[in-house]
Amino acid sequence: MPDANFYRAFEDRHRGTRDLIKSRVRAYLPFITPLLKLYGEGAVLDMGCGRGEWLELMGEEGFTAHGVDLDAAMLAACQELGLSVEQGDALEALKRLPDASQCVVSGFHIAEHVPFAVLQEMVAEALRVLKPAGLLILETPNAENLVVGASSFYLDPTHQRPLPPLLLSFLTEYAGFSRTKILRLQESSELAAHSARVTLLQVLAGVSPDYAVVAQKTASAEELAHFSAPFEQEYGLTLAALAARYETDLRAEILRELKPPRKKAASAAPKK
Numbered sequence: 001m002p003d004a005n006f007y008r009a010f011e012d013r014h015r016g017t018r019d020l021i022k023s024r025v026r027a028y029l030p031f032i033t034p035l036l037k038l039y040g041e042g043a044v045l046d047m048g049c050g051r052g053e054w055l056e057l058m059g060e061e062g063f064t065a066h067g068v069d070l071d072a073a074m075l076a077a078c079q080e081l082g083l084s085v086e087q088g089d090a091l092e093a094l095k096r097l098p099d100a101s102q103c104v105v106s107g108f109h110i111a112e113h114v115p116f117a118v119l120q121e122m123v124a125e126a127l128r129v130l131k132p133a134g135l136l137i138l139e140t141p142n143a144e145n146l147v148v149g150a151s152s153f154y155l156d157p158t159h160q161r162p163l164p165p166l167l168l169s170f171l172t173e174y175a176g177f178s179r180t181k182i183l184r185l186q187e188s189s190e191l192a193a194h195s196a197r198v199t200l201l202q203v204l205a206g207v208s209p210d211y212a213v214v215a216q217k218t219a220s221a222e223e224l225a226h227f228s229a230p231f232e233q234e235y236g237l238t239l240a241a242l243a244a245r246y247e248t249d250l251r252a253e254i255l256r257e258l259k260p261p262r263k264k265a266a267s268a269a270p271k272k
């Protein structure tokens with residue numbers, strides 16, 4: 001970026017406030033809190049840490065979190081909060097870490113910014129540096145949301161291309177992670193609660209606009225059992241689910257319109 005402050009201003013406008021983002025990333029706490037029970041402490045490396053919402057939350061939860069980002073203006077927000085950060089390349093920071101040294105490696109909206117070959121190397125390095133049962137978290141825009149995939153993804157001039165959930169999930173499996181979970185995120189609470197009729201616009205724009213892949217390194221069955229509940233849960237709204245609800249609502253409306261009106265019962269003839 002020619003203007004050093006552009007991306008910080010862009011994030012502030014279009015990513016959401018720090019409080020909003022910090023509330024959203026709390027969705028991952030059920031996955032990561034068992035790590036403190038296993039290890040008593042936990043090191044976290046956050047790739048592309050941005051303004052530091054995740055770093056701040058990790059510190060509050062008892063983890064030792066460190067962030068790396070290329071953007072000095074973004075890091076200034078972290079430094080104002082006293083967070084542990086460095087300016088540099090995320091992959092190079094990963095490569096410097098010892099084997100089995102981290103409980104969590106995370107990257108929120110970084111995967112779509114790097115070439116796929118670099119992303120493959122990031123995933124492989126994350127597997128190396130994670131402890132048994134450690135977690136890799138990669139969050140990215142969800143191209144299953146048709147408006148995201150066709151329009152809003154390209155609002156960010158540093159995005160390369162969308163990554164479909166099945167591709168990112170397969171990438172972590174191929175690298176050697178023992179299990180993965182796709183979390184679809186940030187959908188409308190009204191749509192999620194099935195409290196209203198689904199419109200055509202909601203089919204196009206209502207699918208969870210973000211998703212994450214949470215991938216876990218192999219460990220003993222006893223250790224992995226601590227994470228069963230979050231890995232067994234289903235998250236978010238898929239395009240197939242919303243389209244099916246739309247068709248069901250539309251079919252019911254058509255049937256109501258085609259149903260003939262009920263005739264009033266004939267009144268008895270008056271007695272003479």
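If you count by UniProt numbering, then the sequence shown holds residues 1 to 272, one letter each, in order.
Ideal Cβ placement from N, Cα and C applies to all residues, glycine included.
Task: Range of the contiguous beta strand (DSSP E) that encloses F116 - done: Careful: F116 lies outside any beta strand (DSSP E), inside the alpha helix (DSSP H) at 116-129.
Task: Backbone CA spacing between R18 and Y211 [nearest angstrom] - done: Between the alpha carbons of R18 and Y211 lies a gap of roughly 19 Å.
- [ ] Can you tell me which of the three DSSP states R96 falls into?
- [x] coil
TODO: Mind the definition here: the stretch 125-144 touches the stretch 201-215 only if three or more C-beta pairs lie below 8 Å; say whether that holds.
DONE: yes
TODO: Name, in chain order, the residues that DSSP records as bridge partners for Y211.
DONE: T140, R184
Open item on the list: Is it the case that the stretch 191-199 contacts the stretch 101-110, given that we only count it when at least three CB pairs across the two stretches are under 8 Å?
Closed with: no
TODO: Could you say which of F108, E92, H109 lies nearest to E121 if we only look at CA atoms?
DONE: E92
Task: E86 - partner residues in DSSP beta bridges - done: V68
Open item on the list: Between the stretch 226-239 and the stretch 179-190, can you find at least three pairs of beta-carbon atoms closer than 8 Å?
Closed with: yes
TODO: Report the three-state DSSP secondary structure of D46 (helix, strand or coil).
DONE: strand
TODO: Could you check the C-alpha separation between L75 and L35 for me, to the nearest Å?
DONE: Cα to Cα, L75 sits roughly 27 Å from L35.
Open item on the list: I need the DSSP call for R15, collapsed to helix, strand or coil.
Closed with: coil
TODO: Assign M1 to buried or exposed, taking buried as 16 or more other Cβ atoms, counted over all protein chains shown, within 10 Å of its Cβ.
DONE: Low per-residue confidence applies at M1: pLDDT is 48, beneath 50, and the placement is therefore not dependable, though the value from the model is reported in the following sentence. Classification of M1: exposed, given that the 10 Å Cβ count is below 16.
TODO: Tell me Q216's beta-bridge partners as DSSP assigns them.
DONE: Q216 is bridged to L135, R179.
- [ ] Using three-state DSSP, classify F63 as helix, strand or coil.
- [x] coil
- [ ] Mind reading off the beta-carbon distance from A205 to L237? Whole number of angstroms is fine, and I expect it under 8 Å.
- [x] Not a contact, Cβ separation roughly 11 Å.
Open item on the list: Quick check: E153 and P165, are their CB atoms within less than 9 Å of each other?
Closed with: Here residue 153 is Phe; the residue named in the question, Glu, does not match the sequence. The beta carbons of F153 and P165 sit no closer together than 9 Å.
Open item on the list: With H, G and I counted as helix, E and B as strand and the rest as coil, what does DSSP make of S106?
Closed with: strand
Open item on the list: When you compare the CB positions of W54 and F116, do they come within less than 9 Å of one another, or not?
Closed with: Here W54 is not near F116, since their CB atoms are 9 Å or more apart.
Task: Length of the line joining the Cα atoms of K131 and V123 - done: 14 Å
Task: Buried versus exposed call for E125 [16 or more other C-beta atoms within 10 Å across all chains shown] - done: buried
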